[in-house]
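Contents: one structure, followed by commentary.
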Amino acid sequence: MDDEFDFERTLASLTTEQLCDLIDHLIQNDPDVRHLTLEWYKKMLERSDSSLLREKSHHLDDELLMEYWSYASSIISEFNEYGGGDEEEEDTACEWLYKISDLIEEGNISHEGKIAFMEEAFVEYDKYNSGYEDRLAEIFFELCETDEQWQYLVRKLKRCPSDWRNKLVMDILRDHLHDDDAYLELRLNKLEYGNDYWELASFYTQRGNVDKAVETAETGLLEGKGRLTELYVFLFDHFAKMGDISDAERIVHKALKSKHDEKIMLDKLFRHYQSQGNYQKAKDALLKSFTYASRSEEYKEYQKIKTYLKNDDWSEVEPGLFSSLRDRNMLAYLQICMDKNMKEEVISNLLAMPKAPDRWAHFNDFDKLALELKTEFPKEVIEYYWQKAYCNVPGGTRKTYRVAEGYLEIVRDIYVVILQDRSAWEKRFTSLKVEFKNRPAFLDEVSEL
-8 MDDEFDFERT
2 LASLTTEQLC
12 DLIDHLIQND
22 PDVRHLTLEW
32 YKKMLERSDS
42 SLLREKSHHL
52 DDELLMEYWS
62 YASSIISEFN
72 EYGGGDEEEE
82 DTACEWLYKI
92 SDLIEEGNIS
102 HEGKIAFMEE
112 AFVEYDKYNS
122 GYEDRLAEIF
132 FELCETDEQW
142 QYLVRKLKRC
152 PSDWRNKLVM
162 DILRDHLHDD
172 DAYLELRLNK
182 LEYGNDYWEL
192 ASFYTQRGNV
202 DKAVETAETG
212 LLEGKGRLTE
222 LYVFLFDHFA
232 KMGDISDAER
242 IVHKALKSKH
252 DEKIMLDKLF
262 RHYQSQGNYQ
272 KAKDALLKSF
282 TYASRSEEYK
292 EYQKIKTYLK
302 NDDWSEVEPG
312 LFSSLRDRNM
322 LAYLQICMDK
332 NMKEEVISNL
342 LAMPKAPDRW
352 AHFNDFDKLA
362 LELKTEFPKE
372 VIEYYWQKAY
382 CNVPGGTRKT
392 YRVAEGYLEI
402 VRDIYVVILQ
412 DRSAWEKRFT
422 SLKVEFKNRP
432 AFLDEVSEL
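What follows is the structure, encoded as structure tokens:
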């Protein structure tokens, strides 16, 4: 009909002045319109006139930077007030901060724009209660390029001193401003943790002063608190490279005595002796390293020893290793039993294990071992998984019922595919459903079995 309102034709008929009035109206009523308009204008310039884009890019990206920050800061300010906030709002703020990072990466923000942004962002950063401090620090580092900008950032960080801010300042002095004297003045006044000494040792190494680095690392082992791994590794590698095996061994013995990084250092000692062809000392280091292995490493370490040792030596030490695992690491013990083809031992131990509800994950390494035995020991594996399923039903929830359903599916498949006895499965499964007939949620979860 001719009398119908044509929205697109009406827009096309507007004069430039009217369009400007329309945009002003939209901005007044919807703040999103401003940044969307700026983004549209930027894309338009990129498509149409590269010379015009170069002329206007700094001012345009400066505007976008502050627009994005206005959205992020409104949330960060609220989080600063309450010490956190809604997860959805947290994600939204992160999205705006990522847009800021993307804008910085394009490289079109002016010096004045960077300083103006940091001036405003530090208002929220200095409150240090929002949880966004690390992310904001990353953005500050992304922004800075010139000495003037790095120096400005140093001044802002120094206004509210803290251990973390001092570290950031030292990083800037060392890596960006290359002011070694200023860095050392701060660093030497803050040597408490092992990582403090490691950073100083690394600095001396980078400057070619290896002797000073070694001296610093040695002091760090004596006086540093907390993690010392990097210091031990650095000193061992240094002495080994210099051919000073006596000092390298000293560092390992120090680690053992102080109960720091014992396995890491024994492994390094093993690899060193191995590279030198010193079989006896390599064997000793390897066997000692095994005593410090974590439970998750023991099976792998057992295999490592088996691969390295000569047959006679392996025959001598293997029974002790195997026996010790039986008492302290059942999983590693059973994995080795599988390697030895001791499958009856594996299945008997699996069946003897106490079963408990799996409220977090329902398929662990013991379950995988059982699954490997389903063809040779189908009835035993059925009992193993049936017990695993059953214990997840009484007092259960939807989550544990789903766990039970996963185990029952394996039981069904063994009955039907391997034993080819569907009737036995149906009889047993029916009895289970009758037993738990008052648990409709359970029946619902297993309804498709």
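Take the sequence shown: its letter number 35 is residue 26 in the working numbering, and every next letter is one higher. All C-beta atoms in this analysis are idealised placements derived from N, C-alpha and C, irrespective of residue type, glycine included.
Taking the alpha carbon of residue i as the reference point, which residue from the options has its own alpha carbon closest?
i	options	result
residue 475	435, 342, 405	In the structure as shown, the chain begins at -8 and stops at 440. Residue 475 is therefore absent and cannot be evaluated.
residue 210	390, 51, 172, 190	190
residue 282	311, 182, 302, 371	311
residue 382	398, 193, 314	398
residue 387	357, 34, 431	431
residue 330	7, 363, 183, 128	363
residue 145	357, 177, 222, 126	177
residue 112	426, 269, 65	65
residue 137	164, 152, 239, 126	164
residue 154	240, 172, 181	181
residue 139	120, 101, 152	101
residue 134	125, 95, 233, 150	95
residue 85	103, 110, 126	126
State the DSSP-derived secondary structure class of residue i, mapped to helix, strand or coil.
i	result
residue 123	coil
residue 216	strand
residue 89	helix
residue 184	strand
residue 199	coil
residue 347	coil
residue -8	Interpretation of residue -8 is limited by its pLDDT of 44, a score under 50 that renders its predicted location unreliable; the figure taken from the coordinates is listed afterwards. Residue -8 falls in the coil class under three-state DSSP.
residue 211	helix
residue 421	helix
residue 331	coil
residue 135	coil
residue 285	coil
residue 11	helix
residue 368	coil
residue 388	coil
residue 383	coil
residue 397	helix
Between the beta-carbon of residue i and the beta-carbon of residue j, is there less than 8 Å?
i	j	result
residue 185	residue 216	yes
residue 320	residue 289	yes
residue 260	residue 276	yes
residue 61	residue 115	no
residue 199	residue 122	no
residue 256	residue 242	yes
residue 346	residue 379	yes
residue 327	residue 293	yes
residue 264	residue 272	yes
residue 143	residue 91	no
residue 400	residue 440	yes
residue 29	residue 58	yes
residue 392	residue 357	no
residue 157	residue 118	no
residue 231	residue 208	no
What first and last residue would you give for the alpha helix (DSSP H) that runs through residue i?
i	result
residue 237	236 to 249
residue 356	356 to 363
residue 302	302 to 319
residue 440	Looking at the DSSP string, residue 440 is not in any alpha helix (DSSP H), and its letter there is neither H nor E.
residue 109	102 to 116
residue 410	Residue 410 -> no alpha helix (DSSP H), and no H or E assigned at all.
residue 145	138 to 149
residue 162	154 to 166
residue 256	253 to 267
residue 4	Residue 4 -> no alpha helix (DSSP H), and no H or E assigned at all.
residue 274	270 to 281
residue 428	Element bounds for residue 428: n/a, residue is neither H nor E.
residue 298	289 to 299
residue 178	171 to 179
Roughly how many whole angstroms lie between the Cα atoms of residue i and residue j?
i	j	result
residue 395	residue 332	30 Å
residue 108	residue 225	41 Å
residue 421	residue 252	55 Å
residue -8	residue 52	Any reading at residue -8 must be qualified, since the residue scores a pLDDT of 44, below 50, and its modelled position is unreliable; the value itself is stated next. Approximately 46 Å, taken between the alpha carbons.
residue 355	residue 390	16 Å
residue 31	residue 55	11 Å
residue 188	residue 229	16 Å
residue 15	residue 34	20 Å
residue 418	residue 323	37 Å
residue 245	residue 213	10 Å
residue 87	residue 93	10 Å
residue 446	residue 335	Because the chain is modelled from -8 through 440, residue 446 falls outside the range shown and cannot be assessed.
residue 316	residue 361	19 Å
residue 130	residue 124	10 Å
residue 83	residue 97	22 Å
For residue i, would you say it is in contact with chain D, using Cβ-to-Cβ distances shorter than 8 Å as the test?
i	result
residue 293	The structure shown contains no chain D; it holds only a single protein chain.
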